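Residue numbers (the UniProt record's numbering): 1 to 400.
Ideal Cβ placement from N, Cα and C applies to all residues, glycine included.
All of these numbers come straight from a predicted model, not from anything done at the bench.
To start, the structure itself, in structure tokens.
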Amino acid sequence: MGRKSQPTLALSRLRTAKPPAGSGCGSPSPTQIHHSSPPVAAAAEMEYMCLTCHYIDHANDEWKVRKKILNFVHMEAPFTLDQMVNIIVEKLHSWGIDRKLAAVVLDNCSSGEIVARELHRVFQARRLLLNGDLFQVRSCAHILNLTVQESWERASDITDRVRKMINYVKFERFQKFQDIAKVLRMDQKLLVIDSPDNWPSTYLMFDSACYYQDVFVRLTEQEGHYDVFLSANDWADVKALTEILDVVYHAMEKFPVENPTANLYFNEMCEIHVLLKTWCKSPSTVVAKVAGQMLSKFEGYWDLTRPVMAFASILDPRYKMKSLEYFFRLIYSDEQFTAKTMIDVIQNTFHNLYNDYKHQSSDSWKNPSVLCYSRNIVAGSGGHGDDGVPRGDELIVVPK
Numbered sequence: 001m002g003r004k005s006q007p008t009l010a011l012s013r014l015r016t017a018k019p020p021a022g023s024g025c026g027s028p029s030p031t032q033i034h035h036s037s038p039p040v041a042a043a044a045e046m047e048y049m050c051l052t053c054h055y056i057d058h059a060n061d062e063w064k065v066r067k068k069i070l071n072f073v074h075m076e077a078p079f080t081l082d083q084m085v086n087i088i089v090e091k092l093h094s095w096g097i098d099r100k101l102a103a104v105v106l107d108n109c110s111s112g113e114i115v116a117r118e119l120h121r122v123f124q125a126r127r128l129l130l131n132g133d134l135f136q137v138r139s140c141a142h143i144l145n146l147t148v149q150e151s152w153e154r155a156s157d158i159t160d161r162v163r164k165m166i167n168y169v170k171f172e173r174f175q176k177f178q179d180i181a182k183v184l185r186m187d188q189k190l191l192v193i194d195s196p197d198n199w200p201s202t203y204l205m206f207d208s209a210c211y212y213q214d215v216f217v218r219l220t221e222q223e224g225h226y227d228v229f230l231s232a233n234d235w236a237d238v239k240a241l242t243e244i245l246d247v248v249y250h251a252m253e254k255f256p257v258e259n260p261t262a263n264l265y266f267n268e269m270c271e272i273h274v275l276l277k278t279w280c281k282s283p284s285t286v287v288a289k290v291a292g293q294m295l296s297k298f299e300g301y302w303d304l305t306r307p308v309m310a311f312a313s314i315l316d317p318r319y320k321m322k323s324l325e326y327f328f329r330l331i332y333s334d335e336q337f338t339a340k341t342m343i344d345v346i347q348n349t350f351h352n353l354y355n356d357y358k359h360q361s362s363d364s365w366k367n368p369s370v371l372c373y374s375r376n377i378v379a380g381s382g383g384h385g386d387d388g389v390p391r392g393d394e395l396i397v398v399p400k
């Protein structure tokens with residue numbers, strides 16, 4: 001299906017599939033809606049904004065996560081941010097879910113921060129959870145994409161040299177390159193030339209260059225064009241940078257799946273956080289610069305989303321608070337007070353979020369309760385359950 005036909009087809013489906021007001025995600029139940037609105041490029045000088053909602057469907061006590069495309073909205077260029085905000089508010093109101101909004105994701109919107117602030121201002125009067133502290137959320141994949149995209153300029157010199165080397169081989173010495181690869185008995189692998197504005201393609205270019213390093217070195221010895229080929233120090237930098245891109249590239253592959261497991265995302269992102277802090281101490285100047293810039297960008301974007309991902313990890317009975325405690329103490333190994341403070345902040349926010357949900361629930365007055373923690377150490381197991389998974393703080397609900 002082409003991009004040009006997709007919006008028309010989607011709108012056609014919406015006209016026939018939109019339920020009456022008061023049904024589905026627009027029902028009067030206390031369900032909270034998570035809304036996302038990435039713009040979609042459909043054709044030259046035409047843009048569409050896709051409004052999508054994510055919610056828990058508790059019909060028949062099944063409690064399933066649902067995703068529904070609400071609208072494809074044609075945005076005539078040029079359009080203002082106020083127009084975008086007004087359209088989002090209008091569409092959410094037409095679905096009857098404007099008072100159920102819990103969070104908003106504006107991942108592919110270049111002015112997402114401004115739009116999110118305006119939406120926060122509009123919906124704050126309609127009682128947002130935790131006064132809107134968790135209102136703006138970024139997807140983990142988008143955080144990683146922005147982190148690399150906005151930091152890779154620090155490696156532009158070595159990237160240009162790798163690109164120049166591969167271009168030289170592919171267009172002037174490819175047959176000789178293949179002959180050397182055969183002599184070295186190397187399996188054939190695509191020699192990639194990247195698109196400068198697309199870092200995943202840069203990763204594939206670096207990866208293919210590292211794979212054929214021995215061939216390039218042999219060709220260097222025969223050709224002697226040292227202005228084209230890389231030195232031993234250059235190759236060390238390329239390998240280290242490839243390792244950085246490899247971690248992020250494969251992490252992003254895990255996120256856009258059909259059945260996402262948000263409880264595992266927190267661990268994945270924390271592992272990357274630890275690695276970035278390690279790479280900042282690299283003896284290679286270019287690696288340390290790239291990692292330092294990535295760390296700064298990562299922490300800025302991750303701060304918005306970390307609490308939500310931490311909550312998903314806490315609700316996983318295998319992890320509870322243990323995963324949070326482990327990673328924060330590892331990330332802030334030189335600042336244990338900071339680690340403890342952040343753990344306490346997440347735990348207190350989690351308590352407050354539960355109690356906020358409780359007060360907003362139509363059933364809360366029938367069964368008032370508060371959120372507590374209790375030590376849950378399995379006797380004779382050294383703090384581990386029968387499956388060997390560490391047991392930490394047990395989440396319990398205590399009636400008043």
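Look at residue 114 here: in three-state DSSP terms it is helix.
When C-beta atoms of the region 131-145 are compared with those of the region 99-106, three or more pairs fall below 8 angstroms, so the two segments count as touching.
DSSP places residue 72 in the uninterrupted beta strand (DSSP E) bounded by 64-76.
Across the structure, residue 148 and residue 300 are spaced so that their CA atoms are roughly 13 angstroms apart. Per DSSP, the unbroken beta strand (DSSP E) holding residue 105 starts and ends at 101-105.
When secondary structure is reduced to three states using DSSP, residue 321 falls in the coil class, being assigned neither helix nor strand.
Around residue 313, the same chain offers 263, 266, 319 and 323 as residues with beta carbons nearer than 6 angstroms, after the five sequence neighbours per side are excluded. Contact between residue 168 and residue 200 fails: their C-beta atoms lie close to 23 angstroms from each other, not under 8 angstroms. For residue 106 and residue 176, the gap between their C-alpha atoms comes out near 49 angstroms. Judged by beta-carbon spacing, residue 234 lies beyond the 8 angstroms limit of residue 284, meaning their Cβ atoms are not closer than that value. Between residue 268 and residue 219, the alpha-carbon positions lie close to 40 angstroms from each other. Residue pairing by DSSP puts residue 57 in a beta bridge opposite 64. When beta bridges are read from the DSSP output, residue 136 appears opposite 104. Remark: C-beta atoms of residue 129 and residue 95 do not approach each other more closely than 8 angstroms.
Per the coordinates, the alpha-carbon of residue 204 lies some 9 angstroms from the alpha-carbon of residue 246.
For residue 270, the uninterrupted alpha helix (DSSP H) segment begins and ends at 262-279.
For residue 200, the enclosing alpha helix (DSSP H) starts and ends at 199-211. For residue 294, the enclosing alpha helix (DSSP H) stretches over residues 285-314.
Listed in chain order, the non-local C-beta contacts of residue 213 below 7 angstroms within the same chain comprise 235, local neighbours out to five positions each way being set aside.
One Cα belongs to residue 341, the other to residue 303, and the distance between them is close to 14 angstroms. When the Cα atoms are used, residue 143 and residue 274 turn out to be separated by approximately 16 angstroms.
At least 8 angstroms separates the beta-carbon of residue 113 from that of residue 75.
In this structure residue 181 is in contact with residue 215, their Cβ atoms being roughly 5 angstroms apart against a cut-off of 8 angstroms. Pairing residue 85 with residue 120, the inter-Cα distance amounts to about 10 angstroms. In this structure, DSSP gives residue 187 a state outside helix and strand, which the three-state scheme calls coil.
Just measuring C-alpha positions, the residue of 339, 296, 254 and 208 sitting nearest residue 163 is 208. In the structure shown, the three-state DSSP call for residue 150 is coil. For residue 161, the enclosing alpha helix (DSSP H) has its first and last residue at 156-172. Leaving aside the five residues that flank residue 271 on each side, none in its chain has a CB nearer than 7 angstroms to its CB. Cβ-Cβ distances below 8 angstroms link residue 352 to 130 in the same chain, with the five nearest sequence neighbours on each side left out; the list follows chain order. DSSP, reduced to helix, strand and coil, places residue 334 outside both helices and strands of the structure shown, so it counts as coil. Residue environment for residue 124: exposed (fewer than 16 other C-beta atoms within 10 angstroms of its C-beta).
In the assembly as shown, residue 78 is an exposed residue. Its beta-carbon has fewer than 16 other beta-carbons within 10 Å. Following the DSSP letters along the chain, one finds residue 80 in no alpha helix (DSSP H), marked with neither H nor E.
Note on geometry: alpha-carbon atoms of residue 241 and residue 55 lie some 39 angstroms from one another. Within the same chain, and ignoring the five residues on either side of residue 189 in sequence, the residues whose Cβ sits closer than 7 angstroms to its Cβ are 208 and 211.
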